[in-house]
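A.B. asks: Numbering (the numbering used here), first residue to last: 5 to 217. Beta carbons: idealized from backbone N, C-alpha and C, even for Gly. Everything numeric in this text was worked out from a predicted model, so none of it was measured. Let me give you the structure first, and then I'll get to my questions.
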Amino acid sequence: MLVRKQEWIAKQFDFFIDGEWLCKFFRVFTATKPQRVSFDMTSLAPVVFKEAEERHLSIYLIGSKNDEIAGAVQEFRQAFPRVKIVGFRDGYVKGIEKEVYAEICRVSPDIVIAGMGTPFQEQFLVGLGKFGWKGTGFTCGGFFHQTAKGINYYPKWVDQWNLRWVYRIYDEPKLFWRYFLDYPKFVFVFMYDLLFNRWWKEKILLDIPNEVV
5 MLVRKQEWIA
15 KQFDFFIDGE
25 WLCKFFRVFT
35 ATKPQRVSFD
45 MTSLAPVVFK
55 EAEERHLSIY
65 LIGSKNDEIA
75 GAVQEFRQAF
85 PRVKIVGFRD
95 GYVKGIEKEV
105 YAEICRVSPD
115 IVIAGMGTPF
125 QEQFLVGLGK
135 FGWKGTGFTC
145 GGFFHQTAKG
155 INYYPKWVDQ
165 WNLRWVYRIY
175 DEPKLFWRYF
185 LDYPKFVFVF
195 MYDLLFNRWW
205 KEKILLDIPN
215 EVV
C-alpha cells in the first residue's frame, strides 16, 4: 500500500510475496500462483547466507537499532560461520545517506541487506545503486530485530501452521493496528488495482514469480 504510491520504486525491484494470505489473493484473483518468499529464517534468508558462504560473497547489513543489528550479526556468524560480513550499522541514516553510501561502496559488498521499513529501505537501495555500488540488494523489514532475539524467531509449530502473523502480534503488540486496520484496507486497494489500475496490474500484479529461481 505504500510502494504502490511510488511507481518509480516499483520499477527498480524484482518482487516476491512475503505473506501467505497475499499469496492466496494472487492465486484466487490472478493467473499467477506464487509461493511465499520472505527474507527471514523460514524462507529466503538461509538460502542467501548459505549461497554467500559457498561462493565467498561478502555481505553488508543495515537496519534496526545499534544493539539489535549487532545482536543479529552475532546470531548470523554463529549460524553461518564462514559468511563474510564486511560491515553493518543501524538504519537511522536519514540526512547522512551519502556518507553511508560512501562507506558501503568503500567496503564494496556483493550483497546488501536493508531492514529499514518500507518505503525507505527501497529508496535507500536505489540511492546506493545510483551512488555507484554494484551488487545484489534485499529488503527485509523487521528481520534484524527479530533475529537479535535468536536465529529462529518463529517457533516451529507457528511456522508450520502459518501463524507467523499471530506470533508477531504477540511479540510486538503495536502491530495489532496494522493487521486489523491496514490489512482490511488492503483488500479494497488490491481489488481496485486489479480492476482499474492498468499500470500496477501489468507491471506488478501479473509479474510476480511463482517461485525463487
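With a CB to CB cut of under 6 Å and the five nearest residues on each side skipped, what residues in its chain are close to serine 62?
C.D. replies: Contacts found: Lys88, Val90, Pro113, Asp114.
A.B. asks: Per DSSP, what are the beta-bridge partners of glycine 95 in this structure?
C.D. replies: DSSP output for glycine 95 lists no bridge partner at all.
A.B. asks: What beta strand (DSSP E) runs, 3 residues minimum, are completely inside the region 104–134?
C.D. replies: Counting whole runs of 3 or more residues, the region 104–134 contains the beta strand (DSSP E) stretches 115–119.
A.B. asks: Report the residue ranges of all alpha helix (DSSP H) runs contained in full by the region 61–93; include only those spanning at least 4 residues, in chain order.
C.D. replies: You should have 70–83.
A.B. asks: Consult DSSP for threonine 34 and reduce its assignment to one of helix, strand or coil.
C.D. replies: Threonine 34: coil per DSSP, three-state reduction.
A.B. asks: Run the CB neighbour count on glutamate 72, radius 10 Å, all protein chains shown included, and call it buried at 16 or more, exposed below.
C.D. replies: Buried, because 16 or more other Cβ atoms sit within 10 Å of the Cβ of glutamate 72.
A.B. asks: Checking the sheet assignment: what are the DSSP bridge partners for glycine 141?
C.D. replies: Per DSSP, Val116.
A.B. asks: Rounded to a whole number of angstroms, what is the C-alpha to C-alpha distance between aspartate 94 and histidine 149?
C.D. replies: Spanning the two alpha carbons is a distance of roughly 11 Å.
A.B. asks: Taking valine 7 as the reference, give the member of Gln125, Leu26, Lys54, Cys109 with the closest Cα.
C.D. replies: Nearest of Gln125, Leu26, Lys54, Cys109 to valine 7, Cα basis: Gln125.
A.B. asks: Comparing alpha-carbon positions, which option in Tyr105, Lys153, Val191, Ala76 lies nearest lysine 138?
C.D. replies: Selected option, being the one with the closest Cα: Tyr105.
A.B. asks: Check lysine 189 in the structure and name its three-state DSSP category.
C.D. replies: If DSSP states are grouped into helix, strand and coil, lysine 189 belongs with the helices.
A.B. asks: Taking one C-beta from the region 7–26 and one from the region 49–57 each time, how about it: are there three or more such pairs within less than 8 Å?
C.D. replies: Verdict: no, contact absent.
A.B. asks: Express the C-alpha separation of isoleucine 66 and alanine 74 in angstroms, rounding to a whole number.
C.D. replies: Those two C-alpha atoms are separated by around 10 Å.
A.B. asks: Can you grab the Cα-Cα spacing for the pair cysteine 109 / threonine 151, in whole Å?
C.D. replies: Whole-angstrom Cα-Cα distance: 26 Å.
A.B. asks: Would isoleucine 117 be called buried (16 or more neighbouring beta carbons within 10 Å of its own) or exposed?
C.D. replies: When all chains shown are included, isoleucine 117 counts as buried.
A.B. asks: How about isoleucine 13 and proline 123: do their beta carbons lie closer than 8 Å?
C.D. replies: In this structure, proline 123 lies closer than 8 Å to isoleucine 13 by Cβ.
A.B. asks: Since tryptophan 169 contacts tyrosine 183 with CB under 8 Å, what's their CB separation in whole angstroms?
C.D. replies: Contact holds; Cβ gap of about 6 Å.
A.B. asks: Taking its Cβ as the centre, do 16 or more other Cβ atoms sit within 10 Å of valine 191, making it buried, or is it exposed?
C.D. replies: With fewer than 16 Cβ atoms within 10 Å of its Cβ, valine 191 is classed as exposed.
A.B. asks: When the Cα atoms are used, what is the spatial distance from glutamate 107 to phenylalanine 17?
C.D. replies: Distance between the alpha carbons of glutamate 107 and phenylalanine 17 is about 23 Å.
A.B. asks: State the start and end residues of the unbroken alpha helix (DSSP H) segment that holds phenylalanine 148.
C.D. replies: Where phenylalanine 148 is concerned, the enclosing alpha helix (DSSP H) stretches over 147–151.
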